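According to our numbering, the residues represented by the sequence shown are -15 to 272, in order.
Some notes on the structure that comes next.
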Amino acid sequence: MNYILFNLGKMPDYFKETVNTILSVDKNANVYVGCDENIDLQNCNVVNINELNSSESNYLDKNNFYKGTNYEANPLWLRSLKRIFYLNLIAENYNLKNFVHFDNDVLIYEPFEKISDCFVDNKINITRHTINQLIFGYSFFPDISLSRKLSSEIYKILVNIDEHIINNNNIPLNEMDMLGIIHKSDKNFFSPLPSLPYDNSNFIFDPASYGQYISGTHQKPRKFYHFRVKESHHIVGAEIISKRIKPSFKNNLPTIQYNGQIKKIVNLHIHSKQLKKYLPKNYKNYIK
């Protein structure tokens, strides 16, 4: 399977764990990295995004999109929004038919072939964060036409952003909010991946909450004496708080317990950035 990763600015130290995990877990993986640095990564296809012209990204820069908002101070928010446009350009650059994408602080524990039954082939498969937000904890684009369409829909929101902000109680919108707006207006656009063990799926995907519960956050990394982070507004977080489900990480494998059953978690969104603590079995250093 094709995996596209994206980074703007200095490559984080933990990025190598993300790439090495993909190559260790999925032996059929082809990894593509879009970044704005001239770097050489073994066993990866690297493209400098400065060589790709994104009119949508240029629009964001020209209009100082997040200026004067609470998102201005942290470049993460603008970069997260831009990556939607560059994912499509990277896929087109390499003539990819389909691809998997997730945030750079995500680790996987199952190869694509093993979880392929979880996906539909006519929608963007993606994790759902809250009632109104989707998140790139894990996503699969079964056809490049869907990434083109997503770029187009996000751009439509950008050029009408004032209207959307008014509809959002005058609160600025981040990338997750915009994905949620599209999902609300067109239920045939996205297929939310199973993140709770209440259906027949054998695999569970982590939007963010399982990784936060297990590893903590960047500001509050998990320690043996530290309370576990649970967010009640997260769909998964609310269920963890209710104690209906219990995530755990043992023997290099994340699982969830529910009603006497144990199901595997496909990925963990490691917000603490301490990826080294949660590497899968048979992890190898393909890049150093």
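Backbone N, C-alpha and C define an ideal beta-carbon position, used for all residues, glycine too.
Keep in mind it's a predicted model, so treat the numbers as computed, not measured.
Considering just the uninterrupted stretch of the alpha helix (DSSP H) at residue 221, what are its terminal residues?
For the purposes of this step, residue 221 is identified with residue 237 of the sequence shown, where counting begins at 1. Segment 219 to 226, the alpha helix (DSSP H) holding residue 221.
Sequence-distant residues of its chain with Cβ nearer than 7 Å to residue 67 (five each side left out):
One-based indexing of the sequence shown puts residue 67 at position 83. Here the set comprises -10.
Just the Cα atoms here: how many angstroms apart are residue 265 and residue 23?
Walking along the sequence shown from the start, residue 265 turns up at place 281. Walking along the sequence shown from the start, residue 23 turns up at place 39. Taking the straight line from one Cα to the other gives about 28 Å.
Throw me the rounded Cβ distance for the residue 239 and residue 246 pair, which I believe falls under 8 Å.
Counted from its first residue, the sequence shown places residue 239 at position 255. Counted from its first residue, the sequence shown places residue 246 at position 262. Between residue 246 and residue 239 the Cβ distance is about 5 Å, and since that is below 8 Å, they are a contact.
Cβ-based neighbour list, residue 148, same chain, cut-off 7 Å, excluding 5 preceding and 5 following
Here residue 148 refers to the residue found at position 164 when the sequence shown is read from its first residue. The beta carbon of residue 148 lies closer than 7 Å to those of 141, 157, 165 in the same chain, with the five residues before and after it left out.
Beta-carbon gap between residue 9 and residue 27 smaller than 9 Å:
Your numbering for residue 9 matches position 25 in the sequence shown. Your numbering for residue 27 matches position 43 in the sequence shown. No. Outside cutoff.
Give every residue of the same chain whose Cβ lies closer than 6 Å to the Cβ of residue 87, excluding the five residues on either side of it in the sequence, and list them in chain order.
Translated into the one-based positions of the sequence shown, residue 87 becomes position 103. Answer for residue 87: 120, listed in chain order.
Hey, how far is the Cα of residue 41 from the Cα of residue 241?
Start at 1 with the first residue of the sequence shown, and residue 41 comes out as number 57. Start at 1 with the first residue of the sequence shown, and residue 241 comes out as number 257. In a straight line, the C-alpha of residue 41 is about 42 Å away from that of residue 241.
Sequence ranges, alpha helix (DSSP H) only - wholly within the stretch 92 to 150, length at least 4:
96 to 99, 128 to 143, all fully within the stretch 92 to 150.
Report all residues from its chain with a CB closer than 6 Å to the CB of residue 210; omit the five preceding and five following residues, and keep chain order.
Reading the sequence shown from its first residue, position 226 is the one you call residue 210. Bear in mind that a pLDDT of 43 at residue 210, under 50, signals an unreliable position, so the number given afterwards is only what the model happens to contain. Cβ within range, chain order: n/a, list empty.
Which partner residues of residue 253 appear in the DSSP bridge assignment?
As a working mapping, residue 253 is identified with position 269 in the sequence shown. In DSSP, residue 253 forms a bridge with 90.
Check for me: the alpha helix (DSSP H) holding residue 5 runs from which residue to which?
Taking the first residue of the sequence shown as position 1, residue 5 is located at position 21. First-last of the alpha helix (DSSP H) with residue 5: -1 to 9.
Can residue 178 and residue 102 be called in contact, C-beta distance under 9 Å?
Walking along the sequence shown from the start, residue 178 turns up at place 194. Walking along the sequence shown from the start, residue 102 turns up at place 118. A contact, by the Cβ cut-off of 9 Å.
Could you name the residues of the same chain whose beta carbon sits closer than 6 Å to that of residue 129, not counting the 5 residues immediately before and after it, in chain order?
Along the sequence shown, read from residue 1 onward, the residue named residue 129 stands at position 145. No residues qualify anywhere along the chain.
Taking contact to mean at least 3 C-beta pairs separated by less than 8 Å, is the stretch 111 to 126 in contact with the stretch 185 to 193?
yes
So for residue -8, helix, strand or coil by DSSP?
On the sequence shown, residue -8 is found 8 positions in, with the first residue counted as 1. Coil at residue -8, not helix or strand.
Do you know offhand how far residue 106's Cα is from residue 50's?
Position 122 of the sequence shown holds residue 106. Position 66 of the sequence shown holds residue 50. So the two alpha carbons sit approximately 33 Å from each other.
Any non-hydrogen atom of the ligand NAP closer than 8 Å to residue 243 Cβ:
With respect to small molecules bound, the structure shown includes none, and the ligand NAP cannot be examined in it.
Residue 213 to residue 65, Cα distance in whole Å?
Start at 1 with the first residue of the sequence shown, and residue 213 comes out as number 229. Start at 1 with the first residue of the sequence shown, and residue 65 comes out as number 81. At residue 213 the pLDDT is 49, less than 50, meaning the model places this residue with poor confidence and gives no usable figure here.
On the criterion of 16 or more Cβ atoms from any shown chain inside 10 Å, does residue 72 qualify as buried, or is it exposed?
By 1-based counting over the sequence shown, the position of residue 72 is 88. Buried: at least 16 other Cβ atoms inside 10 Å.
Would you list the one or two residues that DSSP bridges to residue 245?
Taking the first residue of the sequence shown as 1, we reach residue 245 at position 261. Looking at the DSSP output, residue 245 shares a beta bridge with 242.
Assuming residue 274 is part of the beta strand (DSSP E), what are its boundary residues?
Any answer about residue 274 is impossible in this case: the structure gives the chain only from -15 up to 272.
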